[in-house]
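The structure appears right after this line, and notes come after that.
2 protein chains.
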Amino acid sequence: MQFVAQSIAARARAASAALTLTPTETKNAILRNLAVRIESGTERLHAANEADLAEARRNGLPESKLRRLALSAAAVQQMADGLRQVADLPDPVGQVTRDLRMPSGLHVRKVRSPIGVILMIYEARANVTIDAFALCFKSGNACILKGGREAAQSNQALLSMAVASLAEHGAPIDSVQLITSSDREEMKALLCLSEQIDLVIPRGGHELIRFVHEHSRIPMVQHFQGVCHIFVDATADVPKAIDICVSAKTSAPAACNAVETLLVHTDIARQFVPTLADRMAHAGVELRGDATVCRLAPNAVPAADEDWGREFLDLIVAVRIVAGIDEAIAHVRRYGSNHTDAILSRDEANQRRFIEQVQSSCTLVNCSTRFNDGYQLGLGAEIGISTSKIHAYGPMGLEELTTQRYVVVGDGQCR
Amino acid sequence: MQFVAQSIAARARAASAALTLTPTETKNAILRNLAVRIESGTERLHAANEADLAEARRNGLPESKLRRLALSAAAVQQMADGLRQVADLPDPVGQVTRDLRMPSGLHVRKVRSPIGVILMIYEARANVTIDAFALCFKSGNACILKGGREAAQSNQALLSMAVASLAEHGAPIDSVQLITSSDREEMKALLCLSEQIDLVIPRGGHELIRFVHEHSRIPMVQHFQGVCHIFVDATADVPKAIDICVSAKTSAPAACNAVETLLVHTDIARQFVPTLADRMAHAGVELRGDATVCRLAPNAVPAADEDWGREFLDLIVAVRIVAGIDEAIAHVRRYGSNHTDAILSRDEANQRRFIEQVQSSCTLVNCSTRFNDGYQLGLGAEIGISTSKIHAYGPMGLEELTTQRYVVVGDGQCR
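First to last, the sequence lines map onto chains A and B. Counting from 1, position 250 in the first sequence corresponds to residue 252 in my numbering; the numbering is continuous, with no gaps. Counting from 1, position 313 in the second sequence corresponds to residue 315 in my numbering; the numbering is continuous, with no gaps.
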């Protein structure tokens with residue numbers, strides 16, 4: 003399928019102007035309408051997804067990628083439920099975040115407004131198509147979605163449902179556009195259109211992020227990898243720490259907020275590591291340890307240099323013994339990805355130091371890294387987790403998809 | 003003067019790590035100390051500024067640029083006063099912007115934190131050097147300042163005072179570094195160091211913004227030109243509207259928030275334009291009008307096509323008659339720069355429409371565009387006015403120089 007960057011961007015820009023005038027009730031009705039369409043169109047979605055899966059198998063995609071590509075009945079229901087949840091959330095557009103009466107007599111307000119046109123580039127999962135549309139649309143933005151080539155038919159089926167819902171309520175159908183082609187030159191052309199597109203959100207691995215970083219002239223908020231650390235301090239509550247570390251690795255090994263490296267204080271290592279190794283082994287997790295860890299845990303294998311700072315996305319965890327909090331902080335600063343890092347400690351001074359010096363998008367104390375998630379942190383829904391410090395850092399929900407501008411009302415003031 | 007991008011960026015990164023631990027009182031003491039140094043070093047500053055001016059005259063700089071380059075006694079005092087004002091403002095670092103107890107038992111806070119390392123690129127004015135340092139430093143960021151070549155000696159004198167204040171209080175002297183060289187290749191190298199530098203803020207004209215836009219791999223918040231519009235609606239209060247339009251052009255013609263184009267409703271044109279033309283002529287302002295304006299105001303000259311959307315930065319204003327609010331909004335959307343636009347109207351429906359459809363960083367009703375300014379909008383101080391919708395839109399003060407990250411405290415929660 004061919005695409006022409008200029009015309010896609012121009013259509014999105016026109017839709018975005020119309021969206022600033024679309025009332026909240028209309029936006030919510032469209033989201034609920036789409037939920038019904040998805041529920042009643044399950045068979046069509048499964049057929050499209052089966053076609054994607056068959057093609058992927060022909061192309062020899064690995065089993066882990068096939069799993070991410072498959073749209074189960076539960077996943078389809080989750081998309082519909084997610085749409086209703088977003089419809090239930092308050093509309094961020096028009097929210098007043100600052101309200102001042104100035105000595106000049108001016109009434110100054112800071113008001114949330116749509117960003118405009120958002121280009122989202124992501125990989126295989128088709129549910130992202132619906133999540134991204136729902137959040138961008140509810141926050142008044144037109145979106146251009148570039149999904150993974152593998153999910154082309156699933157995405158196309160979902161898109162046609164979204165377009166039908168928009169049309170039924172008289173909203174601009176170009177509020178969402180899908181790019182299924184993987185023509186790199188066209189993609190580069192699109193990434194140069196900073197007059198028409200206000201924000202690009204790449205969500206994925208090294209190669210995708212690097213491509214966008216290199217070619218984009220559009221402001222970017224990246225959702226990059228989560229190289230998440232847990233530091234187990236000398237004063238950690240050992241049974242709780244074991245539970246946290248095991249569940250942070252095993253409850254969703256391929257999630258970006260799963261832990262990848264454990265840093266264990268040397269004073270607690272003898273007590274902690276053997277039990278940890280045992281529990282991890284039972285959960286089918288491979289331990290890659292430094293020399294001390296390998297001595298304390300016979301089932302551990304020696305970690306290679308490149309295992310530090312690596313996002314395994316699998317049942318593998320790297321474990322290293324550190325002399326204290328300073329070494330732990332230095333390790334996180336060097337190898338972390340600004341995503342999610344936790345300290346397990348009963349020492350309040352150490353908790354504070356970790357929070358102050360580890361500047362990841364979410365720094366946690368005495369709980370699992372898996373809590374860095376829009377629902378768990380009270381955002382209601384998220385489009386992904388930003389590892390960019392600019393604009394939005396951490397889970398990006400509806401508010402993070404808006405900008406804030408000043409609206410000032412006077413009665414003749416000059417200056 | 004040669005500079006080596008890598009080493010400058012690495013020193014800034016190291017300083018930024020230390021700054022996350024610098025207490026508010028120390029930061030404030032350094033800002034006040036620098037105010038005193040500037041006051042007592044006025045002679046040294048004037049000597050440096052004289053050297054810059056002499057060089058600029060030798061190079062044939064136009065009078066308007068020489069005026070911007072000159073550091074008057076009042077300007078020096080303003081820098082010292084500005085430093086004390088920033089010291090008096092609350093420290094944004096550590097401010098809690100969201101505070102939730104989740105059903106999981108987690109205590110979730112969103113906390114303001116420094117961005118890290120900020121590269122600021124600006125043009126001739128030396129006072130920006132002090133403003134930028136004060137705001138970046140107070141918000142916990144290390145900054146790299148690239149000032150205009152013309153102001154090299156003035157900037158160097160100011161920098162050495164800032165470094166002395168940092169050193170006196172044991173803060174990292176690399177919290178602020180100045181680049182006086184204009185080596186474009188080195189600048190491009192610096193703009194590629196997205197691992198070390200978190201944000202670039204270019205503040206200036208077309209050429210500067212384009213250069214940074216083209217070469218930067220670092221997230222950018224741009225402070226671009228202000229092509230500011232005032233729409234005089236049919237129901238405007240004419241005497242007030244005249245005062246607002248004249249002062250918005252004349253009170254600081256070279257300011258980015260000065261008005262550049264007036265759009266006048268056709269129904270009020272006969273009543274409004276002749277008086278406007280008269281008052282503007284008295285103030286020495288050249289009117290460039292469309293055909294109708296030229297008929298109504300004999301002193302107006304015909305506007306050229308390129309006068310619409312042009313930032314004159316001078317005693318010149320373009321005036322156009324429009325058929326109504328839709329044409330006015332369309333004009334602003336086409337020619338505006340997302341900076342500042344105002345409507346003068348007694349019709350509340352039209353006020354609302356203008357606010358909703360003109361999405362500039364500051365949209366004003368019944369007052370001058372000159373109020374889009376950090377002090378006037380209650381920010382206390384500003385580093386400039388962002389025309390980027392991402393991260394910060396409008397005046398950038400201390401809060402806008404921070405990021406917000408999540409700090410989550412639990413007592414053993416797994417997920």
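Don't be surprised by glycine CBs; every beta carbon is placed ideally from N, CA and C. Keep in mind it's a predicted model, so treat the numbers as computed, not measured.
- Here B:Ser249 is buried, its C-beta having at least 16 other C-beta atoms within 10 Å.
- In terms of beta-carbon proximity, A:Cys369 lines the interface with chain B, with at least one pair separated by less than 7 Å.
- Nearest neighbour of A:Val324 by Cα position, chosen from A:Val275, A:Arg281, A:Asn340, turns out to be A:Val275.
- In terms of beta-carbon proximity, A:Glu358 lines the interface with chain B, with at least one pair separated by less than 7 Å.
- Taking a Cβ-Cβ cut-off of 8 Å, the neighbours of B:Phe373 in chain A comprise Ser106, Leu108, Val410, Gly412, Gln415, Arg417, given in sequence order.
- For the segment 379-393 of chain A, residues whose beta-carbon sits nearer than 8 Å to a beta-carbon of chain B comprise Leu379, Gly380, Ser390, Lys391, Ile392, His393.
- When the beta-carbon positions are compared, A:Glu288 and A:Gln227 stay at least 7 Å from each other.
- Contact annotation for B:Pro174 against chain A: no contact, minimum CB-CB distance about 15 Å [criterion: below 7 Å].
- A buried status is given to B:His267, since no fewer than 16 other beta-carbon atoms sit within 10 Å of its beta-carbon.
- Residue contact check for A:Gln97 against chain B: no CB pair falls below 7 Å.
- Classified as buried, B:Pro204 has 16 or more neighbouring CB atoms from the shown chains inside 10 Å of its CB.
- Only exposed fits B:Thr99, as fewer than 16 other CB atoms lie within 10 angstroms of its CB.
- Following the DSSP letters along the chain, one finds B:Thr24 in no beta strand (DSSP E), marked with neither H nor E.
- Residue state for B:Ser362 is assigned as coil, using DSSP reduced to three classes.
- If you draw a 10 Å sphere on the C-beta of A:Asn61, you find fewer than 16 other C-beta atoms in it, and that means exposed.
- Along the length of the segment 321-388 of chain A, whole alpha helix (DSSP H) runs at least 4 residues long occupy 327-337, 350-359, reported in chain order.
- In this structure the segment 383-397 of chain A lies against the segment 329-344 of chain A, because at least three pairs of beta carbons, one per stretch, are closer than 8 Å.
- When Cβ-Cβ separations below 7 Å define contact, A:Asp245 makes contact with chain B.
- Only exposed fits A:Leu23, as fewer than 16 other CB atoms lie within 10 angstroms of its CB.
- In its chain, beyond the 5 residues on either side, Ala82 have a beta carbon closer than 7 Å to the beta carbon of A:Glu41.
- Using a Cβ-Cβ cut-off of 7 Å, A:Cys230 does not count as an interface residue toward chain B, since no Cβ of chain B sits closer than that to its own.
- Around the Cβ of B:Pro241, a 10 Å sphere holds fewer than 16 other Cβ atoms; the residue is exposed.
- At least one C-beta of chain A is nearer than 7 Å to the C-beta of B:Leu102.
- In chain order, Leu73, Ser156 place their CB closer than 6 Å to the CB of B:Asn51, counting only its own chain and leaving out the 5 sequence neighbours on each side.
- Bounds of the beta strand (DSSP E) holding A:Phe233 are 230-234.
- As computed with DSSP, B:Val110 is found in a beta bridge with B:Leu102, B:Val410.
- Nearest C-alpha to A:Glu65 among A:Tyr408, A:Gly291, A:Val360, A:Asp316: A:Asp316.
- With contacts defined as CB atoms closer than 7 Å, B:Asn143 and B:Ile117 qualify as a contacting pair.
- Taking 9 Å as the upper bound on Cβ-Cβ separation, chain B lies near residues Ser196, Asp200, Leu201 of the segment 177-210 of chain A.
- Proximity to A:Arg103 across A:Gly96, A:Val95, A:Lys112 peaks at A:Lys112, based on C-alpha coordinates.
- Closest in alpha carbon position to A:Leu210, among A:Met122, A:Ala136, A:Leu68, A:Ala31, is A:Met122.
- Judged by DSSP in its simplified three-state form, A:Cys416 adopts coil rather than helix or strand.
- Boundaries of the beta strand (DSSP E) around A:His267: 261-267.
- Exclusion of the five residues before and after B:Thr389 leaves Gln224, His225, Phe226, Ser339, Asn340, His341, Ser363 as the residues of its chain whose Cβ lies within less than 7 Å of its Cβ.
- Residue B:Met282 holds the alpha-carbon nearest to the alpha-carbon of B:Lys251 among B:Met282, B:Thr277, B:Asp235, B:Thr237.
- Out of A:Ala169, A:Lys148, A:Ser167, A:Ile244, the CA that lies nearest to the CA of A:Gly206 is found in A:Lys148.
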